[in-house]
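Enquirer: Quick one: structure below, then a few questions.
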Amino acid sequence: MAKRNQATFVIQKVQPGLLGLMDGSVSTLAPIFATAGLTGQPIKAFYVGLAASLGAGVSMGLAEALSDDGTVTGRGNPIVRGSITAFATALGGMLHTLPFLINDIQQALHFAYIVVICELFVIAIIRYRFMKTPLLKTILQVIVGGGIVFLLGIYLGHI
Numbered sequence: 133m134a135k136r137n138q139a140t141f142v143i144q145k146v147q148p149g150l151l152g153l154m155d156g157s158v159s160t161l162a163p164i165f166a167t168a169g170l171t172g173q174p175i176k177a178f179y180v181g182l183a184a185s186l187g188a189g190v191s192m193g194l195a196e197a198l199s200d201d202g203t204v205t206g207r208g209n210p211i212v213r214g215s216i217t218a219f220a221t222a223l224g225g226m227l228h229t230l231p232f233l234i235n236d237i238q239q240a241l242h243f244a245y246i247v248v249i250c251e252l253f254v255i256a257i258i259r260y261r262f263m264k265t266p267l268l269k270t271i272l273q274v275i276v277g278g279g280i281v282f283l284l285g286i287y288l289g290h291i
């Protein structure tokens, strides 16, 4: 029975949280780093990150809650799943947004780079722990996916 409880926990709590954390962490990278590069003003990057994080949180939370009512799939209460996804999405976007409260653009960028690396590593560890994805495979997948979006944001910030 413990295995069934673990599977239920993963499908109803971990998966929506992981979905949100991955989306928030990755989808907000390009707008934040592009803004930082284009304006050179950390506070503008912060506000773009704040807007992107909260907007993505609402969007992803609604998408998860409205995707199914959980009765057929066993994915649980849609409001709970949507709330978990919304919170995790906003959190994932805000973690690398907060360094842009630092007034010096170079310091803010360097600190944000470190935060992004930590975020991607945590996502890989969660996937390894709960989704049983081999650690090296999940690290490569997360780093490659996140790296592409990250580089896109930096590239767009230097146009």
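Under the working numbering, the first residue of the sequence shown carries the number 133, and numbering increases by one thereafter. Beta carbons: idealized from backbone N, C-alpha and C, even for Gly. Here the structure is a predicted model, which means the values were calculated and not measured.
Since Gln-238 is in the alpha helix (DSSP H), which residue starts that stretch and which ends it?
Expert: Within the sequence shown, numbered from 1, the residue matching residue 238 stands at position 106. Here the alpha helix (DSSP H) through Gln-238 covers 237-263.
Enquirer: In angstroms, rounded to a whole number, what distance separates the CA positions of Ile-175 and Gly-279?
Expert: On the sequence shown, residue 175 is found 43 positions in, with the first residue counted as 1. On the sequence shown, residue 279 is found 147 positions in, with the first residue counted as 1. Rounded to the nearest angstrom, the two C-alpha atoms are 23 Å apart.
Enquirer: Return the CA-CA distance between Arg-259 and Phe-282, expressed in angstroms with no decimal places.
Expert: Counting from 1 along the sequence shown, the entry for residue 259 is found at position 127. Counting from 1 along the sequence shown, the entry for residue 282 is found at position 150. About 20 Å.
Enquirer: In chain order, what residues of the same chain have a beta carbon less than 6 Å from the beta carbon of Glu-196, not counting five sequence neighbours either side?
Expert: Numbered from 1 along the sequence shown, position 64 holds the residue referred to as residue 196. Excluding sequence neighbours, Glu-196 sits near Pro-148, Arg-213, Gly-214 and Thr-217.
Enquirer: Scan the stretch 142-229 and note each continuous alpha helix (DSSP H) run of 4 residues or more that stays entirely inside, going in chain order.
Expert: The stretch 142-229 contains these whole alpha helix (DSSP H) runs: 147-159, 161-171, 174-199 and 210-227.
Enquirer: Could you say which of Asn-209, His-242, Gln-239 and Ser-199 lies nearest to Thr-140 if we only look at CA atoms?
Expert: Counting from one through the sequence shown, the residue named residue 140 turns up at place 8. Thr-140 has its Cα closest to that of Asn-209, out of Asn-209, His-242, Gln-239 and Ser-199.
Enquirer: Use the C-beta contact count for Gln-239: other C-beta atoms within 10 angstroms, 16 or more gives buried, fewer gives exposed.
Expert: Walking along the sequence shown from the start, residue 239 turns up at place 107. Exposed: under 16 other Cβ atoms inside 10 Å.
Enquirer: Give the range of the alpha helix (DSSP H) segment to which Ile-286 is assigned.
Expert: The residue you call residue 286 lines up with position 154 of the sequence shown. Start and end: 267-289.
Enquirer: Would you kindly work out how many angstroms separate the C-alpha atoms of Glu-251 and Thr-229, rounded to a whole number?
Expert: Looking up residue 251 in the sequence shown gives position 119. Looking up residue 229 in the sequence shown gives position 97. Each residue's Cα considered, the two are about 12 Å apart.
Enquirer: Cutting at 8 Å between CB atoms, please list the residues of its own chain near Phe-243, excluding the five before and the five after it.
Expert: In the sequence shown, residue 243 corresponds to position 111, counting from 1. Counting only Cβ-Cβ distances below 8 Å, and skipping sequence neighbours, we find Pro-231 and Ile-234.
Enquirer: Can you name, in chain order, every residue of its own chain whose Cβ lies under 7 Å from the Cβ of Gln-83, other than the five neighbours on each side?
Expert: It is not possible to answer for residue 83, since the shown part of the chain is limited to 133 through 291.
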